[in-house]
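Respectively, the protein sequence lines represent chains F and U.
2 is the number of the first residue of the first sequence in our numbering; add one for each residue after it.
2 is the number of the first residue of the second sequence in our numbering; add one for each residue after it.
The structure appears right after this line, and notes come after that.
Protein chains: 2
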Amino acid sequence: MASKGVIALDAMGGDNAPSSVLHGANTATERFPDLHWLVVGDETQIRPLLSTLPRLADRVEVLHTESRVANSERPSVALRSGRQSSMWLAIQAVQEGRAQAVVSGGNTGALMAISRFILRSPPGIVRPAIISFFPTARGETAMLDLGANIDCDAEQLVQFAVMGALFARSVLGLPHPTVGLLNVGVEDMKGNDEIRAAAQRLRQGEYPFHFHGFVEANEIGRGAVDVVVSDGFTGNVALKMAEGTSELYSHFLREAFNASWMAKIGYLLAKRTLTQLRSRVDPRRYNGAVFAGLNGVVVKSHGSTDAFGFSNAIGVAADMLQHGFMEDIRKECERLHWDTSTAAQAASA
Amino acid sequence: MASKGVIALDAMGGDNAPSSVLHGANTATERFPDLHWLVVGDETQIRPLLSTLPRLADRVEVLHTESRVANSERPSVALRSGRQSSMWLAIQAVQEGRAQAVVSGGNTGALMAISRFILRSPPGIVRPAIISFFPTARGETAMLDLGANIDCDAEQLVQFAVMGALFARSVLGLPHPTVGLLNVGVEDMKGNDEIRAAAQRLRQGEYPFHFHGFVEANEIGRGAVDVVVSDGFTGNVALKMAEGTSELYSHFLREAFNASWMAKIGYLLAKRTLTQLRSRVDPRRYNGAVFAGLNGVVVKSHGSTDAFGFSNAIGVAADMLQHGFMEDIRKECERLHWDTSTAAQAASA
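Below is the structure:
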């Protein structure tokens, strides 16, 4: 299936913008030749770059602005005074239907705040959540929420499970994903009230996935489930702990290979397969965190990534367009009557 | 300084008991020749083993029982019907002053419940917490709570910080530890109300450590702080995520070394330093989780560890005795007036 549509690119977000953004998009055109691009940023910087990227230049519209959201800016400040920023205009393009997705390497808090303000959530979704995915022994596993919601009630955890499963379907290509609730044990009485209530609802309802039950953090790397659901505080800590631990392991490994001449020669002999290993766990391959539960696809790229990393964040957005993630979410909201129940709650509030 | 005192050993707790327990204690006598041992369990199994371990046998008293707490037993059941169990009798020996510390590889929940019931907390300590430590790029870092308290308020987090610092002093040998509060960002407004309130108190008060502020999970492996403080849910998830990630990394590494003949030869050449690396991250070296905040030293060993692992759990208990951990806790409770403030709370409740 060809991926059609327009992706808006915040060409001022991230350390290496606009170069990494445009080179990343140019790489992405190979996998997604039918996509069009709306590049938002400083035309005087963008045009010279585009002239070196003819494949991309053919399918690009440039929206000029000189204003950007700084990395240090508070989300509330960006909301008040960032209306001419590249980030704002890129998100607005999705709201206006000029694009179907936006990819930005800018300030995470501002991107979430502006996206929520402009795009809002589909009827029924309480709050958006941040999803990402990473390698495991059996393939890839998605996790949410990664920090958008510090405290979550059972209703939100159930919604995260649905959004995570639809993400696994679109982006990881898993038609029947398994979903687990992150907990400190697998027995029924473990965890807090909200987690236990969410588990009860997930066991009873009919959802577009297999509910595995509780999952402990040490089982995630083994690929015990395709989607891990937790509140945003725990999810953020878990993801960063995994990052820190693999960084530490790499550090120890470098030390071990440098500890003797024999080890150095050993490293040279194993270099090819070790390089494959490094590529397998390369964070750039897993770049692209999705803000799910908004009226439009919003993908956050790491600010410090390069063109390869940025092209992967674009790939996540393109997969979501191609596989109809937004349509899936709306259908599930309807099927599960979230749209009417939340509307009723709002009316009675 | 010689380490004097008696350590009570639950010789029926853990998969390889009593063999791993007694062999572990025998190993520990090398580092701690002045310790005495109270071995609680089935004399008919213990005596034949002791006859092969003369160094240990010289300093052992055996307390016979044939009853044990099963691994699958609910803590509430163990509390009601476990009074003749090896675990109960070993903890009771600490309460009666026959021993100063207890080490058990048995059921974690039961060990916590029975320890709290028999030993209770020193005046001022709201609830005990579980502490453990692990390797980082700069040495070793301790973390608590690892699962005793799912929800924690600011008061508890402050107490964890103090207990963690005293643990780092006794067991990690760090006279001036730095303590960080685990959070999803380092800015003041990050986290929930309790974490922010705890940070404010830790910044203002005079505590026996340097307060680093908030710490993110990806900084832990770099050794950003000596002690990481969090609620028991987050701490449990973080520790297990680190375990799962290093397991995954080892799995990937084994695959890489098996992927080609060149890589296999490379492995053989680097084997000596890689084995040193494996020993550096060997979980048995970091065995021994402390239940801090009780009237007595209680150390939980992994149930599946061997004699080497068990000897390290004993080493943690012995270090705590040697360096006066219990005395330190009581002094801090007094100095910080926790003893009187909690007594006042209890009186007004």
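Cβ atoms here follow ideal geometry from the backbone N, Cα and C, with glycine treated the same way.
Distance cutoff 8 Å, beta carbons only. Does residue 245 of chain F sit that close to anything in chain U?
For the purposes of this step, residue 245 of chain F is taken as residue 244 along the first sequence, with counting starting at 1. Yes, contact with chain U.
Proximity of residue 158 of chain F and residue 91 of chain F at Cβ, strictly below 8 Å
In the first sequence, the residue the question calls residue 158 of chain F occupies position 157. In the first sequence, the residue the question calls residue 91 of chain F occupies position 90. One thing to note: residue 158 of chain F has its Cβ no nearer than 8 Å to the Cβ of residue 91 of chain F.
Which of the three DSSP states, helix, strand or coil, is assigned to residue 11 of chain U?
The count along the second sequence starts at 1 and reaches residue 11 of chain U at position 10. Strand, per DSSP.
Which whole runs of the beta strand (DSSP E) in the region 103-178 of chain U are 3 residues long or more, in chain order?
The region 103-178 of chain U is shown to contain whole beta strand (DSSP E) runs of 3 or more residues at 130-137 and 140-145, in chain order.
Report yes or no: do three or more beta-carbon pairs, one from the region 308-318 of chain F and one from the region 280-289 of chain F, lie closer than 8 Å?
Segments in contact, yes.
Roughly how many angstroms lie between the CA atoms of residue 104 of chain F and residue 184 of chain F, to the nearest whole one?
To locate residue 104 of chain F, count along the first sequence from 1; it is residue 103. To locate residue 184 of chain F, count along the first sequence from 1; it is residue 183. So the alpha carbons of these two residues sit roughly 32 Å apart.
Answer yes or no: the CB of residue 171 of chain F versus the heavy atoms of the ligand FMN, is any distance below 7 Å?
Ligands are entirely absent from the displayed structure, and the ligand FMN is therefore not among its contents.
When the Cα of residue 64 of chain U is compared with those of U:164, U:48 and U:79, which residue comes out closest?
Taking the second sequence and counting its residues from 1, one reaches residue 64 of chain U at position 63. Ranking the options by Cα distance to residue 64 of chain U, first place goes to U:48.
According to the Cβ coordinates, are residue 239 of chain U and residue 164 of chain F closer than 8 Å?
The residue labelled residue 239 of chain U in the question sits at position 238 within the second sequence. The residue labelled residue 164 of chain F in the question sits at position 163 within the first sequence. Not in contact: residue 239 of chain U and residue 164 of chain F (Cβ atoms no closer than 8 Å).
Would you tell me roughly how many angstroms separate the C-alpha atoms of residue 146 of chain U and residue 324 of chain F, rounded to the nearest one?
Counting from one through the second sequence, the residue named residue 146 of chain U turns up at place 145. Counting from one through the first sequence, the residue named residue 324 of chain F turns up at place 323. Using only the alpha carbons, I get a separation of about 43 Å.
For chain U, is any of its Cβ atoms less than 8 Å away from the one on residue 303 of chain F?
As a position in the first sequence, residue 303 of chain F is number 302, starting the count at 1. Judged by the 8 Å Cβ criterion, residue 303 of chain F is not in contact with chain U.
Are there three or more Cβ pairs, one per stretch, closer than 8 Å when the region 97-117 of chain F is compared with the region 15-22 of chain F?
yes
Where residue 308 of chain F sits in the DSSP three-state scheme
What you label residue 308 of chain F is simply residue 307 of the first sequence in a count that begins at 1. Helix.
Strictly below 9 Å CB to CB, what residues from chain U border residue 274 of chain F?
Reading the first sequence from its first residue, position 273 is the one you call residue 274 of chain F. Under the 9 Å cutoff, chain U gives 256, 257, 258, 259, 260, 261, 263, 264 and 267.
Between the C-alpha atoms of residue 161 of chain F and residue 111 of chain F, what's the straight-line distance to the nearest angstrom?
Here the question's residue 161 of chain F lines up with position 160 in the first sequence. Here the question's residue 111 of chain F lines up with position 110 in the first sequence. If I take the Cα positions, the gap works out to 22 Å.
Rounded to whole angstroms, what is the Cα-Cα separation between residue 42 of chain U and residue 308 of chain U?
For the purposes of this step, residue 42 of chain U is taken as the residue at position 41 of the second sequence. For the purposes of this step, residue 308 of chain U is taken as the residue at position 307 of the second sequence. Computed Cα separation, rounded: 17 Å.
For the region 216-270 of chain U, which segments carrying the alpha helix (DSSP H) assignment without a break, of at least 4 residues, lie completely within its bounds, in sequence order?
218-221 and 233-258
Can you give me the C-alpha to C-alpha distance between residue 293 of chain F and residue 132 of chain F, rounded to a whole angstrom?
As a first step, residue 293 of chain F is located in the first sequence; it is residue number 292 there, counting from the start. As a first step, residue 132 of chain F is located in the first sequence; it is residue number 131 there, counting from the start. Using only the alpha carbons, I get a separation of about 7 Å.
Identify each residue in the region 276-289 of chain F for which the Cβ-Cβ distance to at least one residue of chain U is less than 8 Å, and report them in chain order.
277, 278, 281 and 282
Within the continuous beta strand (DSSP E) that includes residue 39 of chain U, where are the two ends?
As a working mapping, residue 39 of chain U is identified with position 38 in the second sequence. According to the DSSP assignment, residue 39 of chain U belongs to the beta strand (DSSP E) that extends over 37-42.
Determine which residues of the region 130-156 of chain U have a Cβ less than 7 Å from any Cβ of chain F, and write them out in chain order.
137, 138, 148, 151 and 152
By the three-class DSSP mapping on this structure, what secondary structure does residue 318 of chain F have?
Sequence index remark: in the first sequence, residue 318 of chain F carries index 317 (1-based). If DSSP states are grouped into helix, strand and coil, residue 318 of chain F belongs with the helices.
Between residue 252 of chain U and chain F, is the shortest Cβ-Cβ distance under 8 Å, so that the two count as touching?
Working through the second sequence from its first residue, we reach residue 252 of chain U at position 251. For residue 252 of chain U, a Cβ of chain F is located within less than 8 Å of the residue's own Cβ.
Can you confirm whether residue 242 of chain F, when its beta carbon is compared against all beta carbons of chain U, has any partner nearer than 8 Å?
Counting from 1 along the first sequence, the entry for residue 242 of chain F is found at position 241. Residue-level contact check: residue 242 of chain F touches chain U, since one or more beta carbons of chain U fall below 8 Å from its beta carbon.
Within its chain, find whatever has a CB closer than 7 Å to the CB of residue 46 of chain U; leave out the 5 residues flanking it on each side and keep chain order.
For this step, residue 46 of chain U is matched to residue 45 along the second sequence. Within the same chain, residue 46 of chain U has close Cβ partners 19.
Applying the 10 Å Cβ sphere with the 16-neighbour rule, what's the burial state of residue 262 of chain F?
Counting from 1 along the first sequence, the entry for residue 262 of chain F is found at position 261. It counts as exposed.
Below 6 Å CB to CB, which residues in the same chain sit around residue 233 of chain U once its five sequence neighbours on both sides are set aside?
As a first step, residue 233 of chain U is located in the second sequence; it is residue number 232 there, counting from the start. Answer for residue 233 of chain U: 146, 148, 149, 150 and 151, listed in chain order.
Of all the CB atoms in chain F, is at least one closer than 8 Å to the CB of residue 111 of chain U?
Residue numbering aside, residue 111 of chain U sits at position 110 when the second sequence is read from its first letter. Closer than 8 Å: no.
Chain F contacts from the region 203-222 of chain U (Cβ-Cβ distance under 8 Å)
Listed by position along the chain: 217, 218, 219, 220, 221 and 222.
Tell me, to the nearest whole angstrom, how far the beta carbon of residue 172 of chain U is from that of residue 13 of chain U; I am working on the premise that it is less than 8 Å.
Position 171 of the second sequence holds residue 172 of chain U. Position 12 of the second sequence holds residue 13 of chain U. Between residue 13 of chain U and residue 172 of chain U the Cβ distance is about 26 Å, and since that is not below 8 Å, they are no contact.
To the nearest angstrom, how far is it from the Cα of residue 319 of chain F to the Cα of residue 53 of chain F?
Taking the first sequence and counting its residues from 1, the one referred to as residue 319 of chain F is at position 318. Taking the first sequence and counting its residues from 1, the one referred to as residue 53 of chain F is at position 52. Using only the alpha carbons, I get a separation of about 23 Å.
So that I know if they touch, is there some Cβ in chain F lying closer than 8 Å to that of residue 235 of chain U?
Taking the first residue of the second sequence as position 1, residue 235 of chain U is located at position 234. By this cut-off, residue 235 of chain U is an interface position.
I'd like the list of long-range same chain contacts for residue 2 of chain F, defined as Cβ closer than 7 Å, with 5 residues on each side in sequence excluded.
The count along the first sequence starts at 1 and reaches residue 2 of chain F at position 1. Unreliable positioning characterises residue 2 of chain F in this predicted model, as indicated by a pLDDT of 40, which lies under 50. A coordinate reading is not provided.
One or two residues paired with residue 68 of chain F in a DSSP bridge:
Position 67 of the first sequence, counting from 1, holds the residue named residue 68 of chain F. Its beta-bridge partners are F:86.
Kindly indicate the opening and closing residues of the beta strand (DSSP E) around residue 200 of chain U.
Position 199 of the second sequence holds residue 200 of chain U. Not the beta strand (DSSP E): residue 200 of chain U falls in the alpha helix (DSSP H), residues 194-205.
Buried versus exposed, by CB contacts within 10 Å (16 or more), residue 333 of chain U
Mapped onto the second sequence, residue 333 of chain U falls at position 332. Looking at its Cβ environment, which holds 16 or more other Cβ atoms inside 10 Å, residue 333 of chain U is buried.
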